[in-house]
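All residue numbers for the sequence shown refer to the working numbering, where the first residue is 1 and numbers rise by one.
Using N, Cα and C, we set each Cβ at its ideal position, and we do this for glycine too.
Predicted model only: the values in this text are computed from it and were never measured.
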Amino acid sequence: MPATKGEDIAAAADLVKTYRQGEAQIRALDGVSVGFARGRFTAIAGPSGSGKSTLMHCLAGLDSATSGQVTLDGTELTGLSDRALTRVRRDKVGFVFQSFNLLPQLTALENIALPVTMSGRRLDHELLDHLVGVLGIGDRLSHRPGELSGGQQQRVALARALVARPAVVFADEPTGNLDSRSGTEVLDFLRRSVRDLGQTVVMVTHDPRAAAYADRVLVLADGRVVDDVDVAAGADVGRALQTVGNARTATDVGTAAGVGTAADAGTAAGTGTVGSAGSLGRTR
Ligand SMILES: Nc1ncnc2c1ncn2[C@@H]1O[C@H](COP(=O)(O)OP(=O)(O)OP(=O)(O)O)[C@@H](O)[C@H]1O
C-alpha cells in the first residue's frame with residue numbers, strides 16, 4: 001500500500017468500517033491506508049459494494065470509521081464530535097453528488113453562494129464570475145433547479161463545490177445521472193479545476209470512462225485497495241480499467257477519453273462546450 005506522505009492533503013490509515021446487519025457483520029472497509037496528494041485528481045473505482053462510497057464518506061467527515069485514522073488538511077477527524085465534523089466539512093470540503101443535491105426553493109446563484117454565506121465568509125466574486133463563465137451558466141443564475149436540465153444542475157453544483165476554495169472536492173458518481181455529453185462536460189471541468197486552480201479532487205465512480213480522467217485510479221474490492229495506478233506518470237491505466245469495468249474494453253475507454261496522451265490535457269475528451277472560455281486562469 002502506498003505510504004501516507006507529509007504532503008498528502010487527505011489520508012486514511014488502517015481504516016476499518018463495519019456495519020451490523022442482523023447477526024452478520026459487513027466489513028465495508030478492511031484496513032485501508034492511502035494518501036491523497038494536494039492538487040491531484042484521484043478516482044476511487046471498483047465494483048458495486050467494494051466500499052467506494054464508504055471510503056469517501058469517511059475521508060470527507062460524512063461518516064466515522066470503526067477504527068483507524070482519517071486526516072483532512074491537517075485535521076485528525078477521528079474522535080471529533082458531530083459538531084466539529086460539520087465545521088470541518090463546511091470549511092474544508094466541497095461536495096458533488098450524483099443527484100445534484102441543490103435546494104429546490106433557491107435560485108442557482110443562491111445555491112452556489114449558500115455554503116460560503118452560511119459559514120459567514122465572504123463570497124469571492126472574481127472566482128464566482130470565473131466559474132460561472134467557464135461552466136456556461138451565466139444566463140441560468142436566477143433559475144431554480146426545477147427549471148434547469150440535469151447537466152445544468154450539476155454545473156451549478158460544481159460551482160457551489162469550488163467557489164469556497166475547499167481543500168478537497170469529493171465527487172460521488174458525479175456523472176451517474178447525466179447523459180454522456182453532460183457527463184463528459186462535468187469530467188472535463190473537474191480535470192480543468194485540477195490543472196488551473198490546483199484543486200484536489202477525489203471522485204468515486206464505477207465508470208471506467210470517468211476514471212480515465214483522473215491522474216490516479218485507486219481500485220477497491222471487498223473493502224481493500226487492490227490496485228493503485230498512477231495514470232499521470234504513464235502507468236498502465238488499462239489494467240485498472242479492466243478491473244473496474246467490463247462494459248467496455250480498456251482500449252475503447254483509453255481511446256474515448258484520450259488516456260495515455262496526457263492526463264492533464266484537460267481536453268482529453270474534448271467536447272469544447274464547458275470550458276470553452278479557456279483556462280480557469282489562476283493558480284492557488
Ligand atoms: N448503512 C449501511 N448499513 C449496512 N451496510 C452498509 C451500509 N452502507 C454500506 N453498506 C455495505 O457496505 C459495503 C460497501 O458499501 P459501499 O456503498 O461503500 O460500496 P460502493 O463500492 O460505493 O458500492 P456502489 O458502487 O454500489 O455504490 C456493501 O456491502 C454495502 O452493502
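Completely contained beta strand (DSSP E) runs for the segment 187–248, where each covers 3 or more residues: 201–204, 216–221, 224–230
Cutoff 7 angstroms: glycine 223 Cβ touching any chain B Cβ: In the displayed structure, chain B is absent; only one protein chain is listed.
Collapsed DSSP secondary structure at threonine 71 in the structure displayed: Correct three-state label for threonine 71: strand.
DSSP state of glutamine 98 mapped onto helix, strand, coil: coil
For leucine 141, the three-state DSSP class (helix, strand or coil): Coil at leucine 141, not helix or strand.
Nearest-residue set for ligand 1, Cβ under 6 angstroms from any heavy atom: Tyr19, Gln21, Ile26, Ala28, Gly46, Ser48, Gly49, Ser50, Gly51, Lys52, Ser53, Thr54, His206
N- and C-terminal bounds of the beta strand (DSSP E) containing glutamine 25: Segment 24–37, the beta strand (DSSP E) holding glutamine 25.
Any 3 or more C-beta pairs closer than 8 angstroms across the segment 81–98 and the segment 123–138: no
Neighbour-count burial assignment, glycine 146, 16 or more Cβ in a 10 Å radius: exposed
Per-residue burial, serine 193 [other beta carbons within 10 Å of its own, 16 or more giving buried]: buried
Beta-bridge pairing of valine 132 - partner residues as DSSP gives them: Answer by DSSP bridge pairing: none, since valine 132 is not bridged.
Spatial distance of histidine 125 from leucine 162 (CA atoms): When rounded, the distance between both Cα atoms is 12 angstroms.
Other residues of its chain near proline 174: CB distance less than 6 angstroms, five sequence neighbours each side excluded: Val96, Val186
Member of Gly238, Arg191, Arg209, Asp172 whose CA lies at the smallest distance from the CA of threonine 54: Asp172
Through-space distance from alanine 24 to alanine 144, alpha-carbon basis: Looking at the sequence itself, residue 144 is arginine, so the reference to alanine does not match. Rounded to the nearest angstrom, the two C-alpha atoms are 44 angstroms apart.
Minimum C-alpha distance to aspartate 129 - residue among Ser182, Ser119, Arg160: Arg160
Extent of the continuous alpha helix (DSSP H) to which leucine 62 belongs: Taken as a continuous stretch (DSSP letters only), leucine 62 belongs to no alpha helix (DSSP H), as it is neither H nor E.
As assigned by DSSP and simplified to three states, the class of threonine 78: coil
Glutamine 105, DSSP secondary structure in three states: coil
Burial state of glycine 74, where buried means 16 or more other Cβ atoms lie within 10 Å: exposed
Distance CB(threonine 200)-CB(glycine 39) smaller than 7 angstroms: yes
Cutoff 6 angstroms; reference aspartate 151; Cβ partners in own chain excluding five residues on either side: Sequence inspection shows glycine at residue 151; the aspartate mentioned does not correspond to that position. Leu178, Ser182.
Where arginine 209 falls, given that 16 or more other Cβ within 10 Å makes a residue buried: buried
Residues near leucine 220 by beta carbon distance below 6 angstroms, same chain, minus five either side: Gly46, Ser50, Gly51, Lys52
Whole runs of the beta strand (DSSP E) within the segment 149–184, excluding any shorter than 3 residues: 168–172
Extent of the continuous beta strand (DSSP E) to which leucine 15 belongs: Judged by DSSP secondary structure, leucine 15 falls within the beta strand (DSSP E) whose first and last residues are 8–21.
Exposure label - proline 115; buried when at least 16 CB within 10 Å: buried
Backbone CA spacing between alanine 113 and isoleucine 9 [nearest angstrom]: 24 angstroms
Exposure label - glycine 94; buried when at least 16 CB within 10 Å: Result: buried.
Top-ranked residue by Cα proximity to serine 48, from Asp222, Ala12, Val226, Asp188: Asp222
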